[in-house]
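Take a look at the structure set out below.
In full-length UniProt numbering, the protein residues as written are 1 to 323.
Here it is as structure tokens:
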């Protein structure tokens, strides 16, 4: 049996099955064809009607049908599709030229798309994540414009094996909603880091597409222009090594030691500490008292075998407590 599908030629699975069945016998009537396909006579009649109209079957008698040879019927259908493709490609060229002319008249830079409005930005971010195949890199600054739909496209990308490298501006740690986003990213196994300030909001997809936005207004530029993407990528790679890694990347079954920290709250506390937050700010973020934070920091220092917080940061990196 032929392994390839004929659905690209516009046949349904039932019609394709009927054509294959007719090819296997000299001729057939409706009853025989229905029995061969394991379907109803009305379905077989409909399939024969379509095959006859498409030139894939012919009537031998008033009640019997035979398949038309593939070299006669399918080649004709393929030729029609190729002609349609040629016509469509020519139309595409004309429309592309019209688009470029309009963009040029309005002073739009070639290869740069402008997205205006929070809803439009969310939609575009979702589309970019839907098409990601290898890696997404982001600078994340407040205020956030993401919603459930963008989270869904992000989740789907993670399931496809797309790697995420995220740098959050430290100011986001003062926003409980933003902190929930940070927690969610870390829980998904994304690489999360913090920077004191970030120059722009940025999203890079597979090193081929860049979305750049100012923080104070919902307007973004999207581009695949190689030079612009290289500039954006270079900016990200300049910030990434200097950003503070978030603690994480270990399972709850780990124990404090060379492999990692067992308590996810301790990992978050360490991330906030390394990001430069005060004990009071950490207490607010974690919803605990100041003394609790100080006690847990002391416990982490004891676990690391150090006497100062600076030593704690160094040991946390060496022991793999931070990503």
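All residues carry an ideal CB built from backbone N, CA and C; glycine is no exception.
Which residues in the same chain have their Cβ closer than 7 Å to the Cβ of residue i, if we skip the five residues on either side of it in sequence?
{"i": "residue 51", "result": "15, 18, 19 and 57"}
{"i": "residue 343", "result": "Outside the modelled stretch of the chain, which goes from 1 to 323, sits residue 343, for which no answer is possible."}
Report all residues from its chain with a CB closer than 6 Å to the CB of residue i; omit the five preceding and five following residues, and keep chain order.
{"i": "residue 9", "result": "77"}
{"i": "residue 286", "result": "none"}
{"i": "residue 116", "result": "219"}
{"i": "residue 275", "result": "170, 194 and 244"}
{"i": "residue 1", "result": "Interpretation of residue 1 is limited by its pLDDT of 41, a score under 50 that renders its predicted location unreliable; the figure taken from the coordinates is listed afterwards. For residue 1, where only same-chain residues beyond five positions count, there are no Cβ hits under 6 Å."}
To the nearest angstrom, how far is it from the Cα of residue i to the Cα of residue j?
{"i": "residue 180", "j": "residue 196", "result": "19 Å"}
{"i": "residue 227", "j": "residue 214", "result": "20 Å"}
{"i": "residue 194", "j": "residue 200", "result": "14 Å"}
{"i": "residue 254", "j": "residue 321", "result": "Low confidence applies here, because residue 254 scores a pLDDT of 33, under 50, leaving its location unreliable; read the following figure in that light. C-alpha separation (whole angstroms): 11 Å."}
{"i": "residue 88", "j": "residue 94", "result": "10 Å"}
{"i": "residue 305", "j": "residue 314", "result": "11 Å"}
{"i": "residue 73", "j": "residue 91", "result": "28 Å"}
{"i": "residue 86", "j": "residue 80", "result": "10 Å"}
Helix, strand or coil: how does DSSP classify residue i here?
{"i": "residue 28", "result": "strand"}
{"i": "residue 312", "result": "helix"}
{"i": "residue 112", "result": "strand"}
{"i": "residue 54", "result": "coil"}
{"i": "residue 18", "result": "helix"}
{"i": "residue 237", "result": "helix"}
{"i": "residue 264", "result": "helix"}
So, for residue i: in the same chain, excluding its five sequence neighbours on each side, which residues have a beta-carbon less than 8 Å away from its beta-carbon?
{"i": "residue 63", "result": "29 and 30"}
{"i": "residue 33", "result": "18, 21, 22, 44, 47, 48 and 65"}
{"i": "residue 279", "result": "290, 293, 294 and 297"}
For my contact list, residue i and residue j are in at a C-beta cut-off of 8 Å; report their separation, rounded to the angstrom.
{"i": "residue 163", "j": "residue 131", "result": "15 Å between Cβ atoms; not a contact."}
{"i": "residue 221", "j": "residue 212", "result": "5 Å"}
{"i": "residue 316", "j": "residue 270", "result": "6 Å"}
{"i": "residue 210", "j": "residue 178", "result": "The Cβ separation is near 23 Å, so there is no contact."}
Checklist entry - Which ranges does the alpha helix (DSSP H) cover as unbroken runs of at least 4 residues, wholly within the stretch 183-230, from first to last along the chain? => result none
Checklist entry - Whole beta strand (DSSP E) runs in the stretch 114-167 with 3 or more residues, listed along the chain? => result 135-140
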